[in-house]
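Asker:
Numbering (the UniProt record's numbering), first residue to last: 1 to 1046.
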């Protein structure tokens, strides 16, 4: 509960605070109630008093027992029982509710006015009857004595529906106008002669019907339409509300009584009869409940509020000013703001004033622009002074065996008790002349890397490691002091106990032996490499025997081996390299990688991409990440689309993947393109796509890019606001506009309606404004969100589009285009299949847009085409082993879960895996070779190459113990990966290798033979019916390269 005081009137916000989700367990709810102060202070009068998305209207039954609210999305009405303090029932409706009324004492008779001109009657059991009025309605009222319903709307007529006779009566004409009155947005009668009128410009006019001039005019000063009016006769007050504020003022003189400013926008206000409680319907799921004791007592079903507020009055809380700065008169003089005293910018309080913190910071920066620089220098000076006291005291170390001397110095500083155990000889070792040569002659330097030293001293204790670090610090500081540089020192860390148990000793001995064997292998490897290098640099002689005999004496004198060239067709097996190359063709990939590690080329045999085997030849050092893009998969997706959605023409969303090869392939197949910027239009038109196959589907476009579209013939473009209409009217002469409407995208992975789309209420106003500007609106578009998981969303959106088509027909528009957007899955491993979505879309199109209606249906699939076509190969560049604490016996060497592995690969969330952050993707790696059945799997995490800790690709997965240089594959990486990647930290984008199977190529040839001509870049040259291209940037065209197609 939140308590505020406006004009000395206490206002209690009973709905303030956080709501607890229903899916939380009881234990977690109790924990939250203990920890969170906001949850502790909340008062939940009525359980689940909220809407899924937005509440539009709220009413209280005449008996005061039931509270009814209408909202969206989906359109519904909820009834709450105040006696049970919970939800009584909920009914879903077919379209949005403009307003509704309660005709009976309870909830048994309800009337709803819908946005699609329907009037729906509900009885106690549910839906009863449905009819339609001639024009779109804005409001209605019920006359109890005559049982007449009066509907007003988009005409000068007032339609009358008599419920007793069950028929429409003669409508009323409204030719008279009140003098000087702007457009009316709200109206409320007080008795038989009093009336309050709210205007669309934010004024409230109080009238006596016997006069044509208002008695009082009250302005809200926000310029927003008045949405609700109520009279409070006990205190002679008027409660007026717009979307920002609820004002309570005297109806005779206009003096302000109090006001309420909710955090969310206001749609409707309902005053509980005979009490000081009021409810608000907001642009927010939660419906607010306010209690004002000054207006009246609490309702009897929550009478405890009176006692609660009395207790709060006895313990008043101090007023808290958020985002304000308290300044004195002296501070104002220093800032030069004394002239603001008495203005609304300063609020007097005690011995000073409150002012907005933003104004304070802005003025202070103007008065003293170097304040931050002075503050920074003071902080640096303080840090330097603090660090001087913590510097390591320098010690004089000998030139030879510094680490041994450091160890002896530390042992001499041990406590007296420990000295007695070790003896006094250790303390005098440095000063003893007998050992002086050991610290002066370099011949006595201890070689810690020798085999003898490692075997005699197998344990590298923590003390030794810290001693080595301390020694490096001492040496650095000696050099710094010699150069007279001002540097900050570091405090030395304390010693730790260097004793190790027998198990650690055994492990260290094994580690030293392993390192010795590794060094021996490295030496042998370097020797072999030098011999091979000498073989390569030696020039070859011809196999001509005459020439060889002439040079034979010289070769004999030099005692060097002879080399011969091998002619074509000859079989030669005397050199080890030739035999090794023939032998490698029969080895596995793992053995081939190990054997060719030392050669100049590296062959990568990748068999994990679908059912195709690809062989690429890369340079030895070129182990960067790369893509394999199967353009045949794009073709297969297109044919699947034509089979499942035959009435819908696909317009590929270029923003999903702007690869030129993909655009060229889809252009060859006759698809259209959804572009959102000038650059995307240039990419599409560069492959020869005509402007009629492009829709500029961005509701907020830059003026210069609208002019570019006009100059290059792109006419179709979307809009969802009046400002966008004004820009198009000024910048494009032949625009064919498509109105984008908002949909329910709560079940989508990436929601778009929070940013784009017009509501059904505002759609008619936009169409009227387009008519005034002389713009051509040819259709309607919507988007249910990227990665939609609920197919029924399409059906509801198509129904809403039909309603907008009817609005346009009334205004004289002949719309011929419906754009159903995207949201289609790009792979078959999702919960919702593409065929399931099509099974909902096709019946909805047949119902609302029959085949013979003349409406063209298009869609904007993006991830559907390219997600499964791309596979990413990454290379492990680093590895870290995190050992867990072992509690088993010393004889057990390895446990099942004794370690956790961290793999670092050469692509991350700033590159191809940006889809994890921006597209809510979940990726898992696959191995390029099948693991052995008995191979152990370890818990692993996977990280990108950048220096950011946020660069984590996989938080938890199970993989075998891989090595640096191994490859991992990620499938379904074509959507929102390449297009949004960056070169952060200097890491380049992966190259793309394009392939197409033989069957797909033959299908493309067949399509071309039937009349769809492929662009010149897509034509294949040569006898091999396959194609492989590499693309680093958009400026580099795809080039053919050798590939093996199986």
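Note that the Cβ used here is the ideal one computed from N, Cα and C, for glycine as well.
(1) State the DSSP-derived secondary structure class of residue 793, mapped to helix, strand or coil.
(2) Which residues bound the beta strand (DSSP E) around residue 940?
(3) Determine, using beta carbons only, whether residue 264 and residue 228 come nearer to each other than 8 Å.
(4) Spatial neighbours of residue 881 within its chain, please: CB distance less than 7 Å, with the 5 preceding and 5 following residues excluded, ordered by chain position.
(5) Quick one: residues in its chain with C-beta nearer than 6 Å to the C-beta of residue 974, no 5 flanking neighbours on either side, listed in chain order?
(6) Cβ atoms of residue 452 and residue 400: under 8 Å apart, would you say?
(7) Straight-line CA distance for residue 805 to residue 731?
(8) How is residue 383 classed by DSSP in three states: helix, strand or coil?
(9) Excluding sequence positions up to five away, which residues of its chain have a Cβ less than 7 Å from the Cβ of residue 324?
(10) Would you check if the distance between the CB atom of residue 61 and the CB atom of residue 106 is smaller than 8 Å?
(11) Quick one: using the 10 Å Cβ neighbour count with 16 as the cut-off for buried, is residue 714 buried or exposed?
(12) Check the C-beta distance from residue 68 over to residue 79 and give it rounded, since I have them as a contact under 8 Å.
(13) For residue 240 and residue 226, which I take to be in contact (beta-carbon distance under 8 Å), what is that distance rounded to the nearest angstrom?
(14) So the candidates are 1006, 673 and 683; which of them puts its Cα closest to the Cα of residue 696?
(15) Can you give me the C-alpha to C-alpha distance between residue 649 and residue 705, rounded to a whole angstrom?
(16) Assess contact between the stretch 374–388 and the stretch 339–349, defined as three or more Cβ pairs (one per stretch) separated by less than 8 Å. Is contact present?
(17) Thinking C-beta only, is residue 635 closer than 8 Å to residue 665?
(18) With residue 807 and residue 773 assumed to form a contact (beta carbons below 8 Å), what rounded beta-carbon distance in angstroms separates them?
(19) Could you check what DSSP says for residue 227 in three-state terms: helix, strand or coil?
(20) With a Cβ-Cβ cutoff of 8 Å, do residue 1073 and residue 76 count as a contact?
(21) Per DSSP, residue 197 is paired with what?
(22) Please classify residue 234: does DSSP put it in a helix, a strand, or coil?
(23) Excluding the 5 residues preceding and the 5 following residue 736 in the sequence, name in chain order all residues of the same chain whose CB lies nearer than 6 Å to its CB.
(24) Helix, strand or coil: which one does DSSP assign to residue 292?
(25) Can you round the beta-carbon distance between residue 44 and residue 285 to whole angstroms, since I take them to be within the 8 Å contact cut?
(26) Secondary structure at residue 192, three-state DSSP: helix, strand or coil?
(27) Can you list, in chain order, the residues of its chain with a C-beta nearer than 8 Å to that of residue 253? Leave out the 5 residues immediately preceding and following it.
(28) For residue 89, count neighbouring C-beta atoms within 10 Å of its own C-beta (all shown protein chains included) and say buried if the count is 16 or more, exposed if not.
(29) Tell me whether residue 10 sits in a helix, a strand or coil according to DSSP, three-state version.
(30) Just to confirm the assignment, what range does the alpha helix (DSSP H) spanning residue 703 have?
(31) Quick one: Cα of residue 663 to Cα of residue 72, how far?
(32) Which class does residue 541 belong to by DSSP, given the choice of helix, strand or coil?
(33) Tell me the start and end of each unbroken beta strand (DSSP E) in the stretch 922–1002 that is at least 3 residues and wholly inside, in chain order.
(34) Looking only at its chain, what residues have a beta carbon closer than 6 Å to the beta carbon of residue 722, apart from the 5 residues adjacent to it on each side?
(35) Going by beta-carbon coordinates alone, are residue 951 and residue 876 separated by less than 8 Å?
(36) According to the neighbour-count rule (16 or more other Cβ atoms, all chains shown, within 10 Å of its Cβ), is residue 915 buried or exposed?
Answerer: On the basis of the data shown:
(1) Within the chain shown, the letter at position 793 stands for residue 793. Correct three-state label for residue 793: helix.
(2) Residue 940 sits at position 940 when you count from the first residue of the chain shown. Counting along the chain, the beta strand (DSSP E) containing residue 940 begins and ends at 938–943.
(3) The residue labelled residue 264 in the question sits at position 264 within the chain shown. The residue labelled residue 228 in the question sits at position 228 within the chain shown. Against a cut-off of 8 Å, the Cβ pair of residue 228 and residue 264 comes out as no contact.
(4) For this step, residue 881 is matched to residue 881 along the chain shown. Correct list, in chain order: 899 and 901.
(5) Looking up residue 974 in the chain shown gives position 974. Correct list, in chain order: 657, 866, 867, 869 and 870.
(6) Here residue 400 refers to the residue found at position 400 of the chain shown. Here residue 452 refers to the residue found at position 452 of the chain shown. Result no, Cβ atoms of residue 400 and residue 452 do not sit closer than 8 Å.
(7) For the purposes of this step, residue 805 is taken as residue 805 along the chain shown, with counting starting at 1. For the purposes of this step, residue 731 is taken as residue 731 along the chain shown, with counting starting at 1. Looking at the two C-alpha atoms, the distance is approximately 26 Å.
(8) By one-based count along the chain shown, residue 383 stands at place 383. Helix.
(9) On the chain shown, position 324 is the one that residue 324 refers to. Cβ within range, chain order: 354, 355, 356 and 357.
(10) Indexing the chain shown from 1 puts residue 61 at position 61. Indexing the chain shown from 1 puts residue 106 at position 106. Cβ distance < 8 Å, so residue 61 and residue 106 count as in contact.
(11) Within the chain shown, residue 714 is the residue found at index 714, counting from 1. Result: buried.
(12) As a first step, residue 68 must be located in the chain shown, where it is residue number 68. As a first step, residue 79 must be located in the chain shown, where it is residue number 79. Confirmed, about 5 Å.
(13) In the chain shown, the residue the question calls residue 240 occupies position 240. In the chain shown, the residue the question calls residue 226 occupies position 226. At roughly 6 Å, the Cβ-Cβ gap stays under 8 Å, so residue 240 and residue 226 are in contact.
(14) What you label residue 696 is simply residue 696 of the chain shown in a count that begins at 1. Nearest C-alpha to residue 696: 673.
(15) Locating residue 649 in the chain shown gives position 649, counting from the first residue. Locating residue 705 in the chain shown gives position 705, counting from the first residue. Taking the straight line from one Cα to the other gives about 25 Å.
(16) no
(17) Along the chain shown, one-based indexing puts residue 665 at 665. Along the chain shown, one-based indexing puts residue 635 at 635. Taking 8 Å as the Cβ cut-off, residue 665 and residue 635 qualify as a contacting pair.
(18) What you label residue 807 is simply residue 807 of the chain shown in a count that begins at 1. What you label residue 773 is simply residue 773 of the chain shown in a count that begins at 1. Going by Cβ atoms, the distance from residue 807 to residue 773 rounds to 17 Å, so no, they are not a contact pair.
(19) Sequence index remark: in the chain shown, residue 227 carries index 227 (1-based). Residue 227: coil per DSSP, three-state reduction.
(20) Outside the displayed range of the chain (1 to 1046) lies residue 1073, so it cannot be described from this structure.
(21) Counting from 1 along the chain shown, the entry for residue 197 is found at position 197. Partner(s): 187 and 205.
(22) Translated into positions along the chain shown, residue 234 becomes position 234. Note: residue 234 maps to helix in three-state DSSP.
(23) The count along the chain shown starts at 1 and reaches residue 736 at position 736. Only 715, 716, 776 and 778 meet the Cβ criterion.
(24) Here the question's residue 292 lines up with position 292 in the chain shown. Residue 292: coil per DSSP, three-state reduction.
(25) Translated into positions along the chain shown, residue 44 becomes position 44. Translated into positions along the chain shown, residue 285 becomes position 285. The Cβ separation is near 14 Å, so there is no contact.
(26) On the chain shown, position 192 is the one that residue 192 refers to. The answer is coil: DSSP assigns residue 192 none of H, G, I, E or B.
(27) What you label residue 253 is simply residue 253 of the chain shown in a count that begins at 1. The answer, listed in chain order, is 216.
(28) As a position in the chain shown, residue 89 is number 89, starting the count at 1. When all chains shown are included, residue 89 counts as exposed.
(29) Residue mapping note: residue 10 aligns to position 10 of the chain shown, counting from 1. If DSSP states are grouped into helix, strand and coil, residue 10 belongs with the strands.
(30) Numbered from its first residue, the chain shown carries residue 703 at position 703. From DSSP, the alpha helix (DSSP H) with residue 703 extends over 703–711.
(31) Along the chain shown, read from residue 1 onward, the residue named residue 663 stands at position 663. Along the chain shown, read from residue 1 onward, the residue named residue 72 stands at position 72. Distance between the alpha carbons of residue 663 and residue 72 is about 39 Å.
(32) The residue given as residue 541 occupies position 541 in the chain shown. Low confidence applies here, because residue 541 scores a pLDDT of 43, under 50, leaving its location unreliable; read the following figure in that light. Here residue 541 sits in strand by DSSP.
(33) 938–943, 952–959, 967–970 and 991–996
(34) Taking the first residue of the chain shown as position 1, residue 722 is located at position 722. Only 769 meet the Cβ criterion.
(35) Along the chain shown, read from residue 1 onward, the residue named residue 951 stands at position 951. Along the chain shown, read from residue 1 onward, the residue named residue 876 stands at position 876. It is not a contact, given that the beta carbons lie outside the stated cut-off.
(36) Counted from its first residue, the chain shown places residue 915 at position 915. Residue 915 is buried by the Cβ-count criterion.
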